[in-house]
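Enquirer:
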Amino acid sequence: MAAVQQQTVLRDAMRRLNMTRDAFASRIGVTRRALDTWLLPDGSPESRAMPEIAGRYVSEILERAPTEREYTQSAYSAIAFEGRAHLLSVDQFSRDAVEALFRVADTMQPIARRQKITRVLEGAVLANLFFEASTRTRVSFGAAFCRLGGSVCDTTGFTFSSMAKGESIYDTSRVISGYADALVVRHPEQGSVAEFARATNIPVINAGDGPGEHPSQALLDLYTIQREFSRIGKIVDGAHIAMVGDLKYGRTVHSLAKLLALHRGLKFTLVSPRSLEMPDHIVEQIARGDHVIEQTADLRAGLKGADVVYATRIQKERFADESIEGYTPDFQINQALVDAVCGPDTLIMHPLPRDGRPGANDLSTDLNHDARLAIFRQTDNGIPVRMAIFAMLLGVEHQVQHSMRDAAWRSPAYVGPDDAVFHGID
Ligand code: ASP
Ligand code: CP
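In this text, residue positions in the sequence shown follow the working numbering: the first is 183, and each later residue adds one.
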């Protein structure tokens, strides 16, 4: 069996020990610089092989680590809903289960970076059912399934599905179960994806149920935060997270706030216009942990001291009355505001899409060359995280590592024209 990649071993060790890179480097008696080079993806000019003796030492440390931080849930039970393999809500996750999933996501990185290929899902078919607009979630779930060797059937909108002829969720889900091995569903009604799940024995993934949840987005967001924090010497425990915008209808922040609340001692600053505040039931759920929660409509004050600023789009499509059309210009997060109130390491995140229409005042494009803007690192992370979700739901996560072969085609070193700005970030 192929050895687990050193990057996966090291990231897993830091997560399990809850250590920053600096603390971990000093724990294993190497320089931070040496550790950084071991963490770089294979093939990058500065990456170095970790000496065998260091690898053995890391394993020994993990063996001696307190059992509290060892994974208590099996990979399978980590994403089970009512005893079956589905991903419907972040409420299914313990912190250990999240970390088990992230370990699988780390093993997917060489495939996501197009250095390796795998065929572990060869012959499997994914049905991607999107009854609401989507670019990222639909395409990245499809691409993730294809990169595992499977094939994808898509249907988009109600118009081209027989739901337009009055077919029920139960019938639709049962019919698709005869055609496909997994089902990804986005639907405008909260709770509807759980209804799909109850009508089938194949795994169902919630890709957004109205103003409810978007669990895979929250997982890739947390994965991004952890990776970025690892680089800049922070851990999630104790972090200050500012969530900004439409916290009422924004399902990404509903899921992310709950997932972050699995950590310890966070400060949440919830910044929104009064009419778009985070629903009480979510605030109450996160308040059960040892977290500080502040709610404000003052953007400038709310961003001060934040380690992460998570901006969201106004979810106009969910408004019953059209009183708020967009943000006022003074509610926009842009370069001037970030420079004035954020620190040099503050991460600026957004689930995307950014509403670029005049008057929307969503997250500004003038931040595009600022390394603090992590939005495309977020979207890139959607592939390994969604691959990990499929691998775990379909029970192939242990086959991926030894199934990998070299990719035969040539791909660019940086997929985006501005990505070189982030050279060395990993
Ligand atoms: N794409 C995300 C969602 O579907 C966020 C958004 O649309 O604003 O929830
Ligand atoms: N972040 C997200 O869900 O994007 P899409 O709506 O484009 O899928």
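Glycine included, C-beta positions come from ideal geometry on N, C-alpha and C. Predicted model, so just to flag it, every value in this text is computed and none were measured.
Would you check if there are 3 or more beta carbon pairs closer than 8 Å linking the segment 535 to 546 to the segment 507 to 518?
Expert: Yes: at least three Cβ pairs fall under 8 Å.
Enquirer: May I have the straight-line CA-CA distance separating T434 from V307, to the nearest angstrom?
Expert: Cα-Cα distance, rounded: 27 Å.
Enquirer: C335 lies in the beta strand (DSSP E); which residues open and close that run?
Expert: Looking at the DSSP string, the run of the beta strand (DSSP E) that includes C335 is S333 to T338.
Enquirer: Using 8 Å as the threshold, is the C-beta distance between K440 and V272 below it?
Expert: Yes, Cβ-Cβ distance for K440 and V272 is below 8 Å.
Enquirer: Judging by CA-CA distance, which residue of D419, L429, N310 and F342 is the nearest neighbour of S333?
Expert: Per the Cα distances, N310.
Enquirer: Would you call the segment 366 to 375 and the segment 388 to 396 in contact, with 3 or more CB pairs under 8 Å?
Expert: The segment 366 to 375, when compared against the segment 388 to 396, does touch it at the 8 Å Cβ threshold.
Enquirer: What separation, rounded to the nearest whole angstrom, lies between the Cα atoms of T213 and L192?
Expert: Cα to Cα, T213 sits roughly 14 Å from L192.
Enquirer: For R446, tell me which candidate among H422, S350 and F275 has the shortest Cα-Cα distance.
Expert: It is H422 whose Cα lies nearest to the Cα of R446.
Enquirer: Using the Cα positions of N550 and V578, report the straight-line distance between them to the nearest angstrom.
Expert: If I take the Cα positions, the gap works out to 38 Å.
Enquirer: For R198, decide whether its Cβ has a neighbour in chain D, counting only Cβ atoms nearer than 8 Å.
Expert: The chain inventory of the structure shown lacks chain D, comprising one protein chain alone.
Enquirer: Between I407 and L485, is the Cβ-Cβ spacing less than 8 Å?
Expert: Cβ distance not < 8 Å, so I407 and L485 don't count as in contact.
Enquirer: Would you decide whether V240 is buried or exposed? Buried here means 16 or more other CB atoms lie within 10 Å of its CB.
Expert: Burial call: buried.
Enquirer: Got a sec? Which residues, its chain only, sit under 6 Å from R495 by beta carbon, not counting five neighbours each side?
Expert: Excluding sequence neighbours, R495 sits near D537 and D544.
Enquirer: Let's test the definition: count the other Cβ atoms within 10 Å of the Cβ of E281 and tell me whether it reaches 16, buried, or not, exposed.
Expert: Buried: at least 16 other Cβ atoms inside 10 Å.
Enquirer: Report all residues from its chain with a CB closer than 8 Å to the CB of S398; omit the five preceding and five following residues, and keep chain order.
Expert: Excluding residues within five positions, the ones whose Cβ falls inside 8 Å are L269, T319, F323, I387, N388, A389, G564, V567, R568 and I571.
Enquirer: Go ahead and pull the three-state DSSP assignment for E252.
Expert: Summary for E252: the model assigns pLDDT 45, below 50, so the residue's position carries little reliability, and this model does not support an answer.
Enquirer: Would you check whether the ligand ASP has a heavy atom nearer than 7 Å to the C-beta of G211?
Expert: Incorrect: G211 has no Cβ contact closer than 7 Å to the ligand ASP.
Enquirer: Mark G525 as exposed unless 16 or more other C-beta atoms lie within 10 angstroms of its C-beta, in which case mark it buried.
Expert: Result: exposed.
Enquirer: With H, G and I counted as helix, E and B as strand and the rest as coil, what does DSSP make of A257?
Expert: Residue confidence for A257 is low, a pLDDT of 49 falling below 50, so the modelled location carries little weight; the figure read from the coordinates is stated next. A257: helix per DSSP, three-state reduction.
Enquirer: Report the residue ranges of all beta strand (DSSP E) runs contained in full by the segment 356 to 412; include only those spanning at least 3 residues, in chain order.
Expert: DSSP runs (the beta strand (DSSP E)) wholly in the segment 356 to 412: 364 to 369 and 386 to 391.
Enquirer: Out of I261, M290, R482 and I557, which has the shortest C-alpha to C-alpha gap to V523?
Expert: Looking at the Cα atoms, R482 is the closest of the given residues.
Enquirer: From the DSSP output, in three-state form, read off M183 for me.
Expert: Caution applies to M183, whose pLDDT of 44 falls short of 50 and renders its modelled position unreliable; the value that the coordinates give is listed next. M183: coil per DSSP, three-state reduction.
Enquirer: Quick check on the contact list: which residues have their beta carbon closer than 7 Å to a heavy atom of the ligand CP?
Expert: Going by the Cβ distance cut-off, the answer is A315, S316, T317, R318, T319, R320, G390, H396, Q399, T434, P533, L534 and P535.
Enquirer: Along the chain, which unbroken stretches of the beta strand (DSSP E) at least 3 residues long are found entirely within the segment 490 to 553?
Expert: Qualifying beta strand (DSSP E) stretches, in chain order: 490 to 493 and 529 to 531.
Enquirer: Who are A424's beta bridge partners in DSSP?
Expert: Paired residues: T451 and V491.
Enquirer: Identify whether A595 lies in helix, strand or coil by the three-state DSSP scheme.
Expert: Three-state result, A595: coil.
Enquirer: Mind checking whether the beta-carbon of T494 lies closer than 7 Å to any heavy atom of the ligand ASP?
Expert: It does: the Cβ of T494 is within 7 Å (strictly closer) of some heavy atom of the ligand ASP.
Enquirer: Please check the pair A424 and P455, which I expect to be a contact at CB under 8 Å, by giving their CB distance rounded to whole angstroms.
Expert: Contact doesn't hold; Cβ gap of about 15 Å is too wide.
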